[in-house]
Amino acid sequence: MNERRSSIFDGVLGDNAVLSGLMVISPVIICGNTIKNAEALICAFSAITFLSVLIASFVPKKLPYTVKVIIYALISSIVYLPVKNAAEKFYPDSITRIGIYFPLLAVNSLIILQSEARFFKMKKPRMLASLTFYIIGFDAVMLLTAFIRELLAYGTIRSKMADVNTLISGLGEPFGGFILLGLMCGAYRKIRSIARKEKNTGSDLNVSGK
Amino acid sequence: MYLVNDIIAFLAANLILSQALGTSTLFIAADSRRKLVGTTCCITLFTTIGSAAAFLINKELPSGYKDLTLIFYVLTVGLLYVGLLTTAYFITPERFEKIRKYIHLSAFNCAVIGTLFTMEQKSADDPSLMTLKEYVKFGFEAGLGFITAALILTAAFRKLNSSKVPSSFRGGPAILIYLGIISMAVYSLK
Amino acid sequence: MLKKARKERLIWLDIMMTLMALALMSYFYYGIRSAALCGICVAVSLVAEIISLRLMGRHFKADDLTCTSDALIFALMLPACMDYSIAVIASVFAVVVAKNVFGGRKNMIFSPAAAAYVFVLTSWGSKLLMFPEPHSRLGVFEKPDTLTHSASYSFNISGKLDYTDFEVLLGNFSGPAGSVSVLLLVISAVILIFRGDISAGAFLGSIVGTGLFAFIAPVGSSREDSLSYSLVTNMVLFASVYIIADKRIAPKREYFAIFYGLFVAVFAYTLVLTTAKENAIVMVSVLFTPVALGFKNLEKKISLAEQEELVKETEAADETAQEITEEAIVNE
Numbered sequence: 001m002n003e004r005r006s007s008i009f010d011g012v013l014g015d016n017a018v019l020s021g022l023m024v025i026s027p028v029i030i031c032g033n034t035i036k037n038a039e040a041l042i043c044a045f046s047a048i049t050f051l052s053v054l055i056a057s058f059v060p061k062k063l064p065y066t067v068k069v070i071i072y073a074l075i076s077s078i079v080y081l082p083v084k085n086a087a088e089k090f091y092p093d094s095i096t097r098i099g100i101y102f103p104l105l106a107v108n109s110l111i112i113l114q115s116e117a118r119f120f121k122m123k124k125p126r127m128l129a130s131l132t133f134y135i136i137g138f139d140a141v142m143l144l145t146a147f148i149r150e151l152l153a154y155g156t157i158r159s160k161m162a163d164v165n166t167l168i169s170g171l172g173e174p175f176g177g178f179i180l181l182g183l184m185c186g187a188y189r190k191i192r193s194i195a196r197k198e199k200n201t202g203s204d205l206n207v208s209g210k
Numbered sequence: 001m002y003l004v005n006d007i008i009a010f011l012a013a014n015l016i017l018s019q020a021l022g023t024s025t026l027f028i029a030a031d032s033r034r035k036l037v038g039t040t041c042c043i044t045l046f047t048t049i050g051s052a053a054a055f056l057i058n059k060e061l062p063s064g065y066k067d068l069t070l071i072f073y074v075l076t077v078g079l080l081y082v083g084l085l086t087t088a089y090f091i092t093p094e095r096f097e098k099i100r101k102y103i104h105l106s107a108f109n110c111a112v113i114g115t116l117f118t119m120e121q122k123s124a125d126d127p128s129l130m131t132l133k134e135y136v137k138f139g140f141e142a143g144l145g146f147i148t149a150a151l152i153l154t155a156a157f158r159k160l161n162s163s164k165v166p167s168s169f170r171g172g173p174a175i176l177i178y179l180g181i182i183s184m185a186v187y188s189l190k
Numbered sequence: 001m002l003k004k005a006r007k008e009r010l011i012w013l014d015i016m017m018t019l020m021a022l023a024l025m026s027y028f029y030y031g032i033r034s035a036a037l038c039g040i041c042v043a044v045s046l047v048a049e050i051i052s053l054r055l056m057g058r059h060f061k062a063d064d065l066t067c068t069s070d071a072l073i074f075a076l077m078l079p080a081c082m083d084y085s086i087a088v089i090a091s092v093f094a095v096v097v098a099k100n101v102f103g104g105r106k107n108m109i110f111s112p113a114a115a116a117y118v119f120v121l122t123s124w125g126s127k128l129l130m131f132p133e134p135h136s137r138l139g140v141f142e143k144p145d146t147l148t149h150s151a152s153y154s155f156n157i158s159g160k161l162d163y164t165d166f167e168v169l170l171g172n173f174s175g176p177a178g179s180v181s182v183l184l185l186v187i188s189a190v191i192l193i194f195r196g197d198i199s200a201g202a203f204l205g206s207i208v209g210t211g212l213f214a215f216i217a218p219v220g221s222s223r224e225d226s227l228s229y230s231l232v233t234n235m236v237l238f239a240s241v242y243i244i245a246d247k248r249i250a251p252k253r254e255y256f257a258i259f260y261g262l263f264v265a266v267f268a269y270t271l272v273l274t275t276a277k278e279n280a281i282v283m284v285s286v287l288f289t290p291v292a293l294g295f296k297n298l299e300k301k302i303s304l305a306e307q308e309e310l311v312k313e314t315e316a317a318d319e320t321a322q323e324i325t326e327e328a329i330v331n332e
């Protein structure tokens, strides 16, 4: 029971798409420098990925891999159309700032590669739960990165002034995104290894207790 | 003399160092010399031929249907994907198994589709770029940029994956920071 | 191994002594503030090193004191009036991000001081490139009323320097706190080369490259001025000694090191000439890190090939000796 639950939640902590798999990192590096950008990207990514993977799960598995990958990409590029229209209404400024990274969300590796390698090997309810947690994992990293970068680079939180004395404007640039994401990945791995070690020690103690 | 400035401009326009496009593919490409050659060649093919197709799409697609650009780009890359696989199968059937993984890796990634969108945006800003020659040139340069970034990473790949690097930073995180510092140097020289 | 560790410590000690002399000179020109800046950078680097090593599960050893020389190199590239908070952030960046994330002093990729300088330049460029006049003698928390552009800036724009040769030699012109004392830098370079503390090849490559190009394609109208001023401005001399010729970064074989220094210098000089980019050599040295690493990879391959050849030759010699011995036994 424990094992099953942990694998469903993996997308958030155990096997985060961005921090562990280093997938979908370009929007985080380039556009994840303000919370408003991050919100727009999070909404679009969540809607496109969830709907695309859900629809793509009905594609016959017997088709050749290449054909399936093209179909998945086509599905997500069709799903992208209504999502883009909705995003333009809710986040008109952010969509302009995000630019080419918005359509690129439709060909993210979670849809194109991971759906085949991971999600479609599961039963539907489990797949949907796992997918939801992977999306939440991406959203959390995106929001955290954007929060840190906006605060330290521009001294604001959601465009409202915050009390920061020394601003590191470089953090708002792509290289700042690379460096911060690298540091976050390292910190995430460290925390994960400590957590796993503690878990193992706990289970060892239980076994010896028996 | 101006070659140096051209090099800086070339690095500043690099897909990976300035736009972080195709970074995860780069991690795989820099792993070994064979992978480097295979992946970078495939990506360059995709960006160059894809750019030529993108020119036709951008030229012929009516302005009211611009939202459909992504679908046409996906179809283009899909056709290229099948075309390259078929060509590789008939030209070198004995090497097909080895080659096809690079084609799979290169087809639908941000470096390829991102190049097409970047060129579309550039030509919208500057109509003089709306020629087949400029599109193909840009696509080829994007491929060269990917090769350059892959070479930059290959030089440090062994060190970044060495046992001396703390385990939590070994590989991916160290590569990201390394690329970040190189990108920072390029940014400072822009 | 013990000999190597001792050698590392001696190198650090030599470099520290030359840097201390430069720091003393900067104290003479800018007062206690420049000394405080150096002290803060060194202290923060030391603390950051101890904490990050602890997090990496390693213990702090005497060899890890190299972080203090890196901190001093960085501090001497700053204007004496630089904010302490910026110096603190950049020192942490140098130790943690540019060094220890990659495994620390045993697996160096970037020069920590150069990476930290580029980091400050990209985030606080306007503060980094404005300097107090020499002899302004600032208090610990004092800020100068007026700031000026560096002598490098005016040289890059006009090709001239409004200072006498004596002033240039003593570093009596506006610029980074410790990296303008030309005479001291020359003496430091000579000492460090003869003590084998820096890569002579990389240093010579860098100086020859800058000098040659400054003569062939001068910044101003006079070739002589261009040659002499190109070497003393834009931190060329300082970076050649402490960054490009850093033994941890430069290729080990001298001829590779010469080419590495030459490439960096020529690239940086061309940037100065065409874009008037101030202190381009530091940025270029970071950008050329993959070139240094490429040379090092090549060196490893050559060493491996040489070793293999040596093994083959030894085996062949053994076989011949065995044959001769067998023949001798048969003859007997």
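Residue numbers (our numbering), protein chains in the order written: chain A, 1 to 210; chain B, 1 to 190; chain C, 1 to 332.
Virtual Cβ for every residue (Gly too), placed ideally from N, Cα, C.
Computed from a predicted structure; not experimentally measured.
Taking the alpha-carbon of residue i as reference, which of the options has the nearest alpha-carbon?
i: T335 of chain C; options: C:N100, C:F203, C:P218; result: Outside the displayed range of chain C (1 to 332) lies residue 335 of chain C, so it cannot be described from this structure.
i: L144 of chain A; options: A:I29, A:G21, A:D10, A:I8; result: A:I29
i: S77 of chain A; options: A:L105, A:M142, A:A86, A:K199; result: A:L105
i: T122 of chain C; options: A:E150, A:F175, A:A117, A:T49; result: A:F175
i: G182 of chain A; options: B:C42, B:T131, B:G171, B:G145; result: B:G171
i: A98 of chain C; options: C:I281, C:I249, C:L183; result: C:I249
i: I207 of chain C; options: C:G103, C:F263, C:D225; result: C:F263
i: E49 of chain C; options: C:S181, C:L65, C:R137; result: C:L65
i: L151 of chain B; options: C:F295, C:E323, C:V311, C:E313; result: C:F295
i: I70 of chain A; options: B:D125, B:A149, B:I177, B:A107; result: B:A107
i: A44 of chain A; options: A:I100, A:Y80, A:D163, A:K190; result: A:Y80
i: L231 of chain C; options: C:V311, C:F141, C:S199, C:S181; result: C:S181
Spatial neighbours of residue i within its chain, please: C-beta separation below 6 Å, excluding the five flanking residues on both sides.
i: R158 of chain A; result: I35
i: M283 of chain C; result: V118
i: F155 of chain C; result: L161, Y229, T233
i: S94 of chain A; result: K36, N37, A40
i: L56 of chain B; result: none
Residue i: buried (16+ other C-beta within 10 angstroms of its C-beta) or exposed?
i: S163 of chain B; result: exposed
i: K159 of chain B; result: buried
i: A195 of chain A; result: exposed
i: L304 of chain C; result: exposed
i: D139 of chain A; result: buried
i: V101 of chain C; result: buried
i: G161 of chain A; result: It is worth fixing the name first, because residue 161 of chain A is Met in this sequence and not Gly. M161 of chain A comes out exposed.
i: G186 of chain A; result: buried
i: A316 of chain C; result: exposed
i: F178 of chain A; result: buried
Output the distance between the C-alpha atoms of residue i and residue j, rounded to the nearest integer angstrom.
i: M17 of chain C; j: F74 of chain C; result: 15 Å
i: G139 of chain C; j: G31 of chain C; result: 7 Å
i: V37 of chain B; j: L84 of chain B; result: 16 Å
i: G201 of chain C; j: Y255 of chain C; result: 7 Å
i: L153 of chain B; j: N107 of chain C; result: 16 Å
i: N172 of chain C; j: L129 of chain C; result: 17 Å
i: V18 of chain A; j: A153 of chain A; result: 22 Å
i: Q19 of chain B; j: S26 of chain A; result: 7 Å
i: S142 of chain B; j: T314 of chain C; result: The amino acid occupying residue 142 of chain B in the given sequence is Ala; Ser does not appear at that position. Cα to Cα, A142 of chain B sits roughly 50 Å from T314 of chain C.
i: E198 of chain A; j: R192 of chain A; result: 10 Å
i: A268 of chain C; j: A280 of chain C; result: 5 Å
i: V24 of chain A; j: V168 of chain C; result: 53 Å
i: I86 of chain C; j: R100 of chain B; result: 50 Å
Within the same chain, show all residues whose beta-carbon is closer than 7 Å to that of residue i, passing over the 5 residues directly before and after it, in chain order.
i: K277 of chain C; result: L271
i: V266 of chain C; result: G209, F213
i: I112 of chain A; result: V69, Y72, A73
i: M1 of chain A; result: Confidence is the limiting factor: at M1 of chain A the pLDDT is only 41, short of 50, which leaves the residue's position unreliable and the question unanswerable from this model.
Might you give, ordered along the chain, the residues of its own chain that have their beta carbon closer than 8 Å to the beta carbon of residue i, omitting 5 neighbours on each side?
i: K190 of chain B; result: I8, A12
i: I182 of chain B; result: L17, I152
**Report entry** chain C contacts from the segment 143-174 of chain A (Cβ-Cβ distance under 9 Å)
**Finding:** With the criterion set as a beta carbon lying under 9 Å from some beta carbon of chain C, the members of the segment 143-174 of chain A are A153, N165, T166, L167, I168, S169, G170, L171, E173, in sequence order.
Requested in this report: Residues of the segment 149-172 of chain B with a CB closer than 8 Å to any CB of chain A: list them in chain order, please.
Outcome: Within the segment 149-172 of chain B, contact with chain A at the beta-carbon level (separation under 8 Å) is assigned to P166, S167, S168, F169, G172.
Report task. For the segment 171-195 of chain A, enumerate the residues whose C-beta is nearer than 9 Å to any C-beta of chain C, in chain order. Result -> The residues in question are L171, E173, F175, G176, I179, G182, L183, G186, K190.
Report task. Could you run through the segment 289-312 of chain C and flag, in chain order, every residue whose CB is less than 8 Å away from some CB of chain B? Result -> Across the segment 289-312 of chain C, CB contacts with chain B closer than 8 Å involve T289, P290, V291, L293, G294, N297, in sequence order along the chain.
Query raised in the report: What residues in the segment 108-139 of chain A bring their beta carbon closer than 7 Å to a beta carbon of chain B?
Result: Within the segment 108-139 of chain A, the residues whose Cβ lies closer than 7 Å to some Cβ of chain B are S109, I112, listed in chain order.
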